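Here this note's numbering = 1-based position in the sequence shown + 297. Note that CB positions come from ideal geometry on N, CA and C, so glycine has one too. Owing to the predicted nature of the structure, the values given are computational and were not obtained by experimental measurement. Just below is one structure, and these are the notes that go with it.
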Amino acid sequence: MTSENAPGDRSARPSSVDDRTNATAHDKKIKLTLDAGSSGGAVVLHCQGRIIFQGEARELCGIVTEVLPAARRMVVDLAGVDLVDSGGLGELVLTHMWAEAAGYSLKFASPKRSLRRLFEITNLVAVFDVYGSVPEAMAAMVQEEIQSA
298 MTSENAPGDR
308 SARPSSVDDR
318 TNATAHDKKI
328 KLTLDAGSSG
338 GAVVLHCQGR
348 IIFQGEAREL
358 CGIVTEVLPA
368 ARRMVVDLAG
378 VDLVDSGGLG
388 ELVLTHMWAE
398 AAGYSLKFAS
408 PKRSLRRLFE
418 ITNLVAVFDV
428 YGSVPEAMAA
438 MVQEEIQSA
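Okay, here's the thing in C-alpha coordinates:
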(Lines of atoms letter the chains of each structure in order from A; the text may use other names.)
(Lines give C-alpha, C1' and ligand atoms only; values in the text may rest on other atoms or scores of the structure.)
Protein backbone atom coordinates (compact mmCIF):
# COMPACT_ATOMS: atom_id res chain seq x y z
CA MET A 298 0.00 0.00 0.00
CA THR A 299 1.39 3.34 -0.90
CA SER A 300 0.86 6.34 1.32
CA GLU A 301 -1.42 8.01 -1.23
CA ASN A 302 -4.01 5.21 -1.07
CA ALA A 303 -6.96 5.84 1.18
CA PRO A 304 -7.43 3.12 3.84
CA GLY A 305 -10.66 1.88 2.25
CA ASP A 306 -9.55 2.25 -1.39
CA ARG A 307 -9.31 -1.36 -2.57
CA SER A 308 -8.99 -0.47 -6.25
CA ALA A 309 -5.55 1.02 -5.70
CA ARG A 310 -4.28 -1.72 -3.34
CA PRO A 311 -1.58 -4.01 -4.77
CA SER A 312 -1.76 -7.77 -4.22
CA SER A 313 1.34 -7.68 -2.04
CA VAL A 314 2.63 -5.14 0.40
CA ASP A 315 6.32 -4.82 1.20
CA ASP A 316 9.17 -2.54 2.23
CA ARG A 317 7.69 -1.36 5.51
CA THR A 318 10.44 0.33 7.50
CA ASN A 319 10.67 2.36 10.70
CA ALA A 320 13.75 3.56 12.54
CA THR A 321 14.28 2.50 16.15
CA ALA A 322 16.10 4.51 18.81
CA HIS A 323 19.30 2.88 17.58
CA ASP A 324 18.45 3.81 13.96
CA LYS A 325 18.10 0.18 12.93
CA LYS A 326 15.69 -0.56 10.12
CA ILE A 327 12.75 -2.73 11.09
CA LYS A 328 10.99 -4.39 8.21
CA LEU A 329 7.68 -6.22 7.98
CA THR A 330 6.86 -7.78 4.64
CA LEU A 331 3.33 -8.91 3.91
CA ASP A 332 2.41 -11.09 0.96
CA ALA A 333 -1.23 -12.08 0.51
CA GLY A 334 -2.24 -15.08 -1.55
CA SER A 335 -5.35 -17.21 -1.80
CA SER A 336 -5.42 -20.90 -1.00
CA GLY A 337 -8.38 -23.24 -0.56
CA GLY A 338 -10.95 -20.47 -0.35
CA ALA A 339 -9.07 -18.60 2.39
CA VAL A 340 -6.52 -15.83 2.27
CA VAL A 341 -3.05 -16.68 3.54
CA LEU A 342 -1.08 -13.69 4.76
CA HIS A 343 2.67 -14.40 4.98
CA CYS A 344 4.52 -12.15 7.42
CA GLN A 345 8.24 -11.39 7.56
CA GLY A 346 10.07 -9.31 10.12
CA ARG A 347 8.79 -7.83 13.35
CA ILE A 348 5.29 -7.01 14.54
CA ILE A 349 5.87 -4.04 16.78
CA PHE A 350 3.63 -1.30 18.13
CA GLN A 351 2.51 1.47 15.83
CA GLY A 352 3.57 1.00 12.21
CA GLU A 353 4.02 -2.70 11.60
CA ALA A 354 1.36 -4.02 13.99
CA ARG A 355 -1.25 -1.51 12.86
CA GLU A 356 -0.47 -2.10 9.22
CA LEU A 357 -0.76 -5.88 9.57
CA CYS A 358 -4.04 -5.57 11.46
CA GLY A 359 -5.30 -2.97 8.98
CA ILE A 360 -4.75 -5.38 6.11
CA VAL A 361 -6.54 -8.15 8.04
CA THR A 362 -9.54 -5.92 8.78
CA GLU A 363 -9.70 -4.77 5.16
CA VAL A 364 -9.39 -8.18 3.50
CA LEU A 365 -11.20 -10.46 5.96
CA PRO A 366 -14.77 -9.17 5.39
CA ALA A 367 -14.60 -10.25 1.73
CA ALA A 368 -12.57 -13.44 2.30
CA ARG A 369 -14.30 -14.46 5.57
CA ARG A 370 -11.38 -16.86 6.28
CA MET A 371 -7.72 -15.99 6.78
CA VAL A 372 -4.53 -17.64 7.96
CA VAL A 373 -1.75 -15.36 9.19
CA ASP A 374 1.52 -17.20 8.52
CA LEU A 375 3.99 -16.16 11.23
CA ALA A 376 6.90 -18.34 10.04
CA GLY A 377 9.00 -15.31 9.13
CA VAL A 378 8.21 -13.24 12.22
CA ASP A 379 11.20 -12.74 14.53
CA LEU A 380 9.68 -10.53 17.19
CA VAL A 381 6.32 -9.37 18.51
CA ASP A 382 6.31 -6.72 21.23
CA SER A 383 3.55 -6.03 23.77
CA GLY A 384 1.93 -3.43 21.51
CA GLY A 385 1.98 -5.90 18.62
CA LEU A 386 0.35 -8.54 20.82
CA GLY A 387 -2.34 -6.05 21.80
CA GLU A 388 -3.10 -5.25 18.15
CA LEU A 389 -3.29 -8.98 17.34
CA VAL A 390 -5.67 -9.57 20.26
CA LEU A 391 -7.96 -6.70 19.21
CA THR A 392 -7.99 -7.89 15.60
CA HIS A 393 -8.73 -11.46 16.65
CA MET A 394 -11.59 -10.29 18.91
CA TRP A 395 -13.02 -8.19 16.06
CA ALA A 396 -12.84 -11.12 13.63
CA GLU A 397 -14.46 -13.50 16.10
CA ALA A 398 -17.28 -11.06 16.92
CA ALA A 399 -17.94 -10.54 13.20
CA GLY A 400 -18.10 -14.30 12.56
CA TYR A 401 -14.89 -14.51 10.52
CA SER A 402 -12.31 -17.26 10.82
CA LEU A 403 -8.81 -15.98 11.68
CA LYS A 404 -6.04 -18.48 12.37
CA PHE A 405 -2.35 -18.06 13.11
CA ALA A 406 0.18 -20.54 11.77
CA SER A 407 3.85 -21.49 11.93
CA PRO A 408 5.12 -19.34 14.79
CA LYS A 409 8.81 -19.79 15.58
CA ARG A 410 9.57 -21.43 18.92
CA SER A 411 10.20 -18.07 20.64
CA LEU A 412 6.89 -16.64 19.40
CA ARG A 413 5.01 -19.81 20.35
CA ARG A 414 6.54 -19.52 23.83
CA LEU A 415 5.41 -15.88 24.04
CA PHE A 416 1.86 -16.95 23.16
CA GLU A 417 2.04 -19.60 25.90
CA ILE A 418 3.48 -17.26 28.57
CA THR A 419 0.80 -14.65 27.85
CA ASN A 420 -1.89 -17.37 27.65
CA LEU A 421 -2.80 -16.24 24.14
CA VAL A 422 -2.77 -19.86 22.97
CA ALA A 423 -6.12 -20.04 24.77
CA VAL A 424 -7.37 -17.01 22.80
CA PHE A 425 -5.81 -17.43 19.36
CA ASP A 426 -6.22 -20.40 17.06
CA VAL A 427 -2.51 -21.24 16.61
CA TYR A 428 -1.36 -24.09 14.35
CA GLY A 429 2.04 -25.55 13.54
CA SER A 430 1.67 -24.94 9.81
CA VAL A 431 -0.50 -23.24 7.22
CA PRO A 432 -1.89 -26.61 5.97
CA GLU A 433 -2.92 -27.50 9.55
CA ALA A 434 -4.73 -24.17 9.91
CA MET A 435 -6.45 -24.65 6.54
CA ALA A 436 -7.54 -28.16 7.55
CA ALA A 437 -9.00 -26.78 10.78
CA MET A 438 -11.02 -24.25 8.77
CA VAL A 439 -12.38 -27.00 6.54
CA GLN A 440 -13.30 -29.05 9.62
CA GLU A 441 -15.08 -26.06 11.20
CA GLU A 442 -17.04 -25.53 7.98
CA ILE A 443 -18.10 -29.20 7.91
CA GLN A 444 -19.20 -29.08 11.56
CA SER A 445 -21.20 -25.88 11.10
CA ALA A 446 -23.06 -27.22 8.04
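Measuring C-alpha to C-alpha distances from glycine 387 to each of Ala354, Glu441 and Ile360 identifies Ala354 as the nearest.
When secondary structure is reduced to three states using DSSP, phenylalanine 405 falls in the strand class.
Each residue's CA atom was taken as its position, placing valine 361 and asparagine 420 some 22 Å apart. Relative to the Cα of arginine 347, the nearest Cα in the group Leu365, Arg369, Leu380 and Asp374 belongs to Leu380.
In the three-state reduction of the DSSP assignment, alanine 446 falls in the coil class.
Shortest Cα-Cα distance from glycine 377 to any of Ala437, Ser430, Met435 and Ser445 involves Ser430.
Pairing valine 341 with valine 372 gives a Cβ-Cβ distance under 9 Å. DSSP, reduced to helix, strand and coil, places arginine 355 within a helical segment of the structure shown.
Beta bridge pairing from DSSP links glycine 377 with Gln345. Alanine 339 and aspartate 426 have their alpha carbons spaced roughly 15 Å apart. If you compare the alpha carbons of Glu417, Gly359, Tyr428 and Thr392 with that of alanine 406, the shortest gap goes to Tyr428. In this structure, the beta-carbon distance from glutamate 397 to leucine 403 falls below 9 Å. Between histidine 393 and alanine 446, the alpha-carbon positions lie close to 23 Å from each other. Taking C-alpha positions only, glutamine 345 is separated from glutamate 433 by approximately 20 Å.
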